[in-house]
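According to the working numbering, the sequence shown is numbered sequentially starting from 8.
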Amino acid sequence: MRKPSPWHGSVPTGNDQLPPGAVGMVVGVDGSAAGRRALRWALREALRRRCRLEVVHCWYSRTTEGTPVAVISLRDLRSDSEGMLRGEIAAVSRRFPALPALTLTSAHGRPVPTLVAASERAQLLVVGARARSGSGFEVADGCVRHAHCPVVVVDRSGYRESDPPAPASTG
8 MRKPSPWHGS VPTGNDQLPP GAVGMVVGVD GSAAGRRALR WALREALRRR
58 CRLEVVHCWY SRTTEGTPVA VISLRDLRSD SEGMLRGEIA AVSRRFPALP
108 ALTLTSAHGR PVPTLVAASE RAQLLVVGAR ARSGSGFEVA DGCVRHAHCP
158 VVVVDRSGYR ESDPPAPAST G
């Protein structure tokens, strides 16, 4: 059973009081073009809301689930994940005059349960969708069905590359 979000039924802004341990928004990235579209959308929205954005990459190895496929160290997998996160931020940040406060999270686990858990501490969860089939859509669908906060699914039709980031207002 889903736990209700403290944001259920409201449209939170960055100025709302966050509960302890909460972040404004969470975005899931995976190194794909769909993940980059979701990241750009989330960065723009976090700037507009003036809230913290947690950027999450989920990784796992079948070797950790009892089915050895290769001898790869978990340290190497985490290091690759952290490098990918830094690279994604560097790649998209050139398009933004400023970035919101960011937390980069390399999480060991499957994407849907990991992102659903992260949604418990967020006002908004953002994910990309690659197609109507394949793992990219399955992750988006799982998050929409089980998240504890509103979910935005960014697909090709819902994002224009030419959209400029929202200006940060000083009030």
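Where a beta carbon is used, it is the ideal one built from N, C-alpha and C, also for glycine.
{"Asked": "Taking Gly35 as the reference, give the member of Asp83, Leu84, Arg51, Ala125 with the closest Cα.", "Found": "Ala125"}
{"Asked": "Could you tell me which residues DSSP pairs with Arg62 in its beta bridges?", "Found": "One point to set straight first is that residue 62 is Val, not Arg, in the sequence displayed. Bridge partners of Val62: Val34, Leu111."}
{"Asked": "With DSSP as the reference, identify every bridge partner of Leu92, one or two as the case may be.", "Found": "Note: Leu92 sits in no beta bridge, so no partner."}
{"Asked": "Can you tell me where the alpha helix (DSSP H) with Gly42 in it begins and where it stops?", "Found": "40 to 56"}
{"Asked": "Please classify Arg93 as buried or exposed, where buried requires at least 16 neighbouring CB atoms within 10 angstroms.", "Found": "exposed"}
{"Asked": "Per DSSP, what kind of secondary structure is Leu84 in: helix, strand or coil?", "Found": "helix"}
{"Asked": "In the DSSP output, which residue or residues are listed as bridge partners for Ala129?", "Found": "Val30"}
{"Asked": "What does a CB cutoff of less than 6 Å around Cys65 pick up in its chain, not counting 5 residues either side in sequence?", "Found": "Ala114, Gly116, Pro118, Thr121"}
{"Asked": "Which term fits Arg56, buried or exposed, when burial requires 16 or more other beta carbons within 10 angstroms of its beta carbon?", "Found": "buried"}
{"Asked": "Is the separation between the beta-carbon of Val159 and that of Ala136 shorter than 8 Å?", "Found": "no"}
{"Asked": "Hey, Pro107 and Ala53: beta-carbon distance below 8 Å or not?", "Found": "yes"}
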